[in-house]
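Encoded as structure tokens, the structure appears first; notes follow it.
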Amino acid sequence: MLVLTRKPGESIVIGDDIVIKVLSVEGESIRIGITAPRALPVYRQELLEAVRQENLRAALSAEQPEKLAELLKKPGE
Amino acid sequence: MPATVDLKDTEVKKYFLFPRGLPGLEGEKRYCVEAIPGNPFFVMLQPAESGPGLILVDPFPFFPGYCFELEEGDRRELQVEKEEDLVVYTTVTIEGRQLYTNLAAPVVFNAVKRLAKQIILPERSDQLRVPLGPPGPPERDGGAKPGKES
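Going down the list, the sequences are from chains W and U. Residues in the first sequence are numbered consecutively from 3, following the numbering used here. Residues in the second sequence are numbered consecutively from 51, following the numbering used here.
Below, the structure written as structure tokens:
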């Protein structure tokens, strides 16, 4: 892993069109601004992890497809 | 949603390729999609059922206002030529006696090119697990909800 030290207001450039800027540091939180092409997905790592977990849950659920129709008839509690 | 596209197509083109796999199930890139008779669900299976499958549902009858923008990069990856070639399903989980679906990460299929991708929608990150009830009114949470904070 490449490690760089930056101060608020300073940036890192990745390739030709990605700029990551440290906007401010407030206690334990660091505000980061990202400039990247729209085609490039940028999201918090926790979201990707949450989707992973949800997919694994869905994979487990696929082992009991016979329950689906029955559960759908029951309005959500 | 156009119901004209048959995801099963021919035997030769039975499988969909997920060039990037699925988050959490990275090992497998090929899945076929089969309707589960008698209900609105689909099951997405790995070749020769070599690993876990996923249950999918067409989200639109349940959440009529559900919509999202497919980014240019995703369109390229899925080789989208016509909007009508696309089919969108969401994954389903069973927790006890309740069904949930994931509106934050829909699976988009290009039925013609046989390519598919799970799209992550940061603006819907609060809809990873939305209760799934019988289709139609009353409108449920997670339906017509415009994108907000990303």
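Even for Gly, the Cβ is constructed at its ideal location relative to N, Cα and C. Remember, predicted model here, so these are calculated numbers, not experimental data.
At a CB-CB cut-off below 8 Å, which residues of chain W make contact with U:Arg70? By Cβ distance, chain W contributes nothing, its closest Cβ being about 11 Å from U:Arg70, past 8 Å.
Under 8 Å (Cβ pairs) to chain A, residues found in the region 171–183 of chain U: In the structure shown, chain A does not exist; the protein chains are W and U.
Is the region 74–82 of chain U touching the region 91–100 of chain U in the sense that three or more CB pairs, one from each, lie closer than 8 Å? yes
Endpoints, alpha helix (DSSP H) assigned at W:Asn57: First-last of the alpha helix (DSSP H) with W:Asn57: Gln47 to Ser63.
How many angstroms separate the CA atom of W:Val27 from the CA atom of W:Val21? Distance between the alpha carbons of W:Val27 and W:Val21: 18 Å.
For chain W, is any of its Cβ atoms less than 8 Å away from the one on U:Leu136? Chain W places no beta carbon closer than 8 Å to that of U:Leu136, leaving this residue out of the contacts.
Assigned secondary structure, U:Ala155 (DSSP; H/G/I helix, E/B strand, else coil): coil
List, in order along the chain, the chain W residues whose C-beta lies closer than 9 Å to that of U:Leu153? Simply none; closest approach about 11 Å.
Under 8 Å between beta-carbons, which chain W residues line up against U:Gly103? List them in chain order, please. The answer, in chain order, is Ala61 and Ala64.
Taking Cβ positions only, does W:Gln47 come closer than 8 Å to chain U? no
Any Cβ of chain W within less than 8 Å of the Cβ of U:Arg147? yes
Are the CB atoms of W:Leu42 and U:Ile170 nearer to each other than 8 Å? no
Just to confirm the assignment, what range does the beta strand (DSSP E) spanning W:Gly35 have? Counting along the chain, W:Gly35 sits inside the beta strand (DSSP E) bounded by residues Ser31 to Thr37.
Quick one: what does DSSP say W:Pro10 is sitting in, helix, strand or coil? Look at W:Pro10 here: in three-state DSSP terms it is coil, with no helix or strand label.
Neighbour flag for U:Asn160 against chain W, beta carbons, 8 Å: no
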